[in-house]
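*Asks:*
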Amino acid sequence: MLAELLLKWPLIRQLKSGADGTGVESMSEATHALRPKSDGADVTRSICPYCGVGCGQLVYHRDGKIVSIEGDPESPISRGHLCPKGAASYQLVTHEGRATRVKYRAPYSREWTEIPLDRAMRMVARRMWETRERTFTESLDGKPVMQCTGMAHLGGATLDNEENYLIKKLFTGGLGMVCISNQARI
Ligand code: SF4
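The sequence shown begins at 824 in the numbering used here and counts up by one.
See the structure below:
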C-alpha cells in the first residue's frame, strides 16, 4: 500500500526510472488520463479562410459540430503551423460574442439598432442602385467606357472562389464597377 502510494509520487518514479523528470515519469495520473478534445472525432481537410497564404487546416467535428481546428502537417504551405489568427479560426463559427444580428446606425444617430436582415439587404441594394444611377459613365472623351466609379468593393479572405466569381459577374458585368479587390490578394 505504501509502496503503491510512493510510486504515485513523480520524484520516486523519476528516481526509479533514471529519467530526467521531463517526460511521462513526471505526469500525474490525472494528466495521463487527459484526452485531446479531438479524440475520436471525424476530420475534414480544409484551408484557413483568413488570408491569401492558404495554410492547411484539419477540422475535427463530431455530431455535426466543430470540436477543434488544427494545423495540417501534410500541407506543403504551412506544414502543420497556423498563425494566431488561423489558430483562432475555431472561434469564427463558435464564439458566443460573434455578431449574428444586423446593426444599423441611422445618419446623425448615436445609437445602433437591430434590424432584420432582409430590410438591411433592401437598404444596401437601394443605395447601390442609386449610386450606380448617379455615377455611371457611358463615355469619356468621346469614347465609350460604360463604367461606374462611384462604388468600390473590397472582398474578404473568407469569400470562396464561387462567391468571388459571382461578385465579379454582378459588380463588373452587371453594374459596371471597376474598383474591385480582395484582401486575399495581398
Ligand atoms: S491567417 Fe494565418 S493561418 Fe490563416 S492562412 Fe493566413 S497565415 Fe495561414
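For each residue, glycine too, the CB sits at the ideal point set by N, CA and C. Being a predicted model, the structure only gives us computed values, none of them experimental.
1) What do you reckon, is the C-beta of cysteine 871 under 7 Å from a heavy atom of the ligand SF4?
2) I need the boundaries of the beta strand (DSSP E) containing lysine 831, first residue and last residue.
3) Just to confirm, does valine 890 get its C-beta within under 7 Å of one of the non-hydrogen atoms of the ligand GTP?
4) Could I get the ranges of all uninterrupted beta strand (DSSP E) runs contained in the segment 863-914, with 3 residues as the minimum, in chain order?
5) By Cβ distance below 6 Å, which residues in the same chain neighbour methionine 974 in space, the five residues on each side in sequence not counted?
6) Quick one: is leucine 905 buried, meaning 16 or more other Cβ sit within 10 Å of its Cβ, or exposed?
7) If we ignore side chains and look at the alpha-carbon of each, how far apart do lysine 888 and valine 916 end up?
8) Is valine 1001 near the ligand SF4, with its Cβ less than 7 Å from a heavy atom?
9) Where does tyrosine 988 land, buried or exposed, given buried means 16+ other C-beta within 10 angstroms?
10) Residue ranges of each beta strand (DSSP E) run of no fewer than 3 residues wholly in the segment 915-952, ordered along the chain?
*Replies:* The answer reads as follows:
1) yes
2) Premise fails: lysine 831 is in no beta strand (DSSP E) and is neither H nor E.
3) Inclusion of the ligand GTP in the displayed structure is not the case, the ligand content consisting of the ligand SF4 alone.
4) 865-870, 879-885, 888-894
5) Thr954, Met1000
6) buried
7) 10 Å
8) no
9) exposed
10) 925-927, 936-938
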